[in-house]
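Heads up: the structure comes next, in structure tokens.
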Amino acid sequence: MQIHQVDPVAGWIPVAQPDRPLALSWNSGVSALILALAELLLLVWLLLRWLVRRQGGRRRAWRGLTRQIRLTGQAFSEPVREFLGFRAAIRRLTRLLASQGVAALAHGSLDGADRAARPDAAEAFGFAVTVRPATRRDDGRVAVRLAGRGLPRPGHPWETGDDPLVWHASAVDAGRLAAPDEQGAAHPPAGPRVLAPLGLSDDGAVFLDLLSGPRILSAHGERRATRDFVQAVAACLDLPGGSAEVLVTHGVHPRFDGPSLDTVLDALEAAPPEPARPVVVVCANPDDGQSARLSGLARAGALCAVVAGPMSAHRWEIRVDSRGRTETPGLGIVTDTAPLGPAAARTARSRRVRRDRYKATSVRPAGPPPPPAGPDPHGPLPDRYRPVPEPAASGTRSHPVPAAVPESPEPVGHGAPAPRTAVTRRSTAAARPATPAAVTPVPPPEPLAPAVHDLFAEPEITGVSAAGTSDAESFENPRETLRAERRNEP
């Protein structure tokens, strides 16, 4: 048992405890902030309730709020969607213009529609075609617009809808129109066509044949959009491999100072072009006299014309608005021409790159094949320093001797060593019996640029490769051999 001593004073006197606040003090910053937020929430609730009652209830107010949110989102996203759609339209139109199959399908569709319509309507002709090529998921679609009276009901593969002047067919069936018929007879060759692109319509490219009808295409409307459209059409017609010769006159493009329209018309009246190579004149704002001359030459078949601005003549007329949309009065053709200019530029660049690549890969130098040993790692040498072997009848091993100097005189500087000429003449007499037979080179189809020639040229055939490669190791450095010959001379 343990006994603890307790202090009597400590045991009976209570100890004072520190003050504990039971609530927040009203003079603190936190309390003021909480009261301000509560008052603000109360005011917002009262305001919302008043607005809801004014709108006619919670349901009507909610529908109005969602509609405003949707419209605001569309207003902010519409420029982005238009930009992305414009880029997609440029890519699609570029693929359609760059594809040779699309142009062939357009030609074949127009020719097939003409063959199907002309037995009953001799004056009917197809002048415009919309091509949407086939894909792995779709057979595509082709729509040909015809002009004429008394058109018959189209047969397979053609079909008509609400407009009897528009014939439709799948791209797969239209592609077989150029094949021989059931009896195996080939179709008669059709005349030339100049297809001018008008833009996109329902993911398909629209082409207008300038050689059909009045042969004049006139675009009017918003000034800047009209000029852009005419410039894009001229660029598409002037692409490499086009079927027409394009003459752009003064005033069509501010950076192209072409000849005047009167000068071009005078030249065409003096010397009409060949029918196999049509001429397309691109001009802007012709006057009445020039319009009459254009119309007369077009009726005579001497030219086709693409005009920026109105004109008084028989023509195809297209109206272009400020957003690049086109409408053709009386024909019902509606297209989007805004991506036509960038698509033409991309197509021209791709064709130029493809053409340069084809030329570079198809260049082959004329003459015999190169030696199996390969070119000299030190680079090609001039002809007068190329090694030539000695005659085999000498009974000694061939040694490198400098080749002969050409007969044409060369300018020689003062103080040049004379023994070089003597050595060269002796080597010429010794090397003549062993010189291989001359091979007549075939001239290349067109002159090559120096950079392309140096890059793809193969080593020339010399006496070393003609005599054999058994002693090729002794000709690895002809310069050293030439120096040794000079040192051994008396």
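Take the sequence shown: its letters are residues 162 to 651, numbered as in the numbering used here.
Glycine included, every Cβ here is placed at the ideal spot set by N, Cα and C.
{"Item": "A332 versus S421 - alpha carbon distance", "Value": "42 angstroms"}
{"Item": "Inter-residue CB distance, L271 and G287 (contact presumed, cutoff 8 angstroms)", "Value": "4 angstroms"}
{"Item": "Terminal residues of the beta strand (DSSP E) in which W319 lies", "Value": "Unbroken run through W319: none, as it is neither H nor E."}
{"Item": "Option nearest S362 by Cα separation, candidates S373, T291, L356", "Value": "T291"}
{"Item": "contact_flag[the stretch 430–443, the stretch 403–418] where n(CB pairs < 8 angstroms) is 3 or more", "Value": "yes"}
{"Item": "Per-residue burial, A193 [other beta carbons within 10 Å of its own, 16 or more giving buried]", "Value": "exposed"}
{"Item": "Cβ-Cβ separation, G491 to H381 (assumed contact under 8 angstroms), whole Å", "Value": "The Cβ separation is near 15 angstroms, so there is no contact."}
{"Item": "Sheet register partners of I377 (DSSP bridge)", "Value": "A466"}
{"Item": "First and last residue of the uninterrupted beta strand (DSSP E) at F247", "Value": "That residue, F247, is in no beta strand (DSSP E); its alpha helix (DSSP H) goes 219–259."}
{"Item": "Expected contact under 8 angstroms - CB spacing of L257 and A366 to nearest Å", "Value": "4 angstroms"}
{"Item": "Same chain only: Cβ atoms within 8 angstroms of L266, ignoring 5 sequence neighbours per side", "Value": "V292, P294, V303, A332, A335, G336"}
{"Item": "Identity of the residue in E478, D482, A504 nearest L369 by Cα", "Value": "E478"}
{"Item": "Classification of I195 by the beta-carbon crowding that lies within 10 angstroms, buried from 16 upward", "Value": "exposed"}
{"Item": "In DSSP terms, what A136 is bridged to", "Value": "Residue 136 lies beyond the residue range present for the chain, which begins at 162 and ends at 651; the question has no answer from this structure."}
{"Item": "Within 7 angstroms, strictly: CB atoms of V355 and L378", "Value": "no"}
{"Item": "Cβ neighbour criterion (16 or more within 10 Å) applied to W319", "Value": "buried"}
{"Item": "C-beta contact flag for P433 and I251 at 7 angstroms", "Value": "no"}
{"Item": "E430: first and last residue of the uninterrupted alpha helix (DSSP H) it sits in", "Value": "422–431"}
{"Item": "Counted within 10 angstroms of its Cβ, other Cβ atoms place L198 as buried (16 or more) or exposed", "Value": "exposed"}
{"Item": "C-beta contact flag for P375 and H268 at 7 angstroms", "Value": "no"}
{"Item": "For V413, the three-state DSSP class (helix, strand or coil)", "Value": "coil"}
{"Item": "Beta strand (DSSP E) segment containing V292, residue limits", "Value": "286–293"}
{"Item": "Inter-residue CB distance, G309 and E284 (contact presumed, cutoff 8 angstroms)", "Value": "5 angstroms"}
{"Item": "Residue(s) in a DSSP beta bridge with R486", "Value": "D497"}
{"Item": "Identity of the residues DSSP links to F368 by a beta bridge", "Value": "V290, P358"}
{"Item": "Own chain partners of G485 with C-beta closer than 7 angstroms, once the 5 adjacent residues on each side are dropped", "Value": "A386, D497, T498, A499"}
{"Item": "Alpha carbon of L245 to alpha carbon of V481, nearest angstrom", "Value": "22 angstroms"}
{"Item": "Under 7 angstroms between C-beta atoms of A393 and L226", "Value": "no"}
{"Item": "First through last residue of the alpha helix (DSSP H) which encompasses A395", "Value": "384–398"}
{"Item": "Reduced DSSP secondary structure (H/G/I, E/B, other) of A308", "Value": "strand"}
{"Item": "CB-CB length for C444 against V495, believed under 8 angstroms", "Value": "The pair is not a contact, with the Cβ atoms about 26 angstroms apart (cut-off 8 angstroms)."}
{"Item": "Identity of the residues DSSP links to L408 by a beta bridge", "Value": "V442"}
{"Item": "Pick from L202, G402, L359 that is closest to A289, judged by C-alpha positions", "Value": "L359"}
{"Item": "Straight-line Cα distance separating C465 from G535", "Value": "Per-residue confidence for G535 stands at a pLDDT of 49, beneath the threshold of 50, marking its modelled position as unreliable; no derived number is given."}
{"Item": "Contact check, A396 vs A505, beta carbons under 7 angstroms", "Value": "yes"}
{"Item": "A330, buried or exposed, once every other Cβ within 10 Å from all chains shown has been counted against 16", "Value": "buried"}
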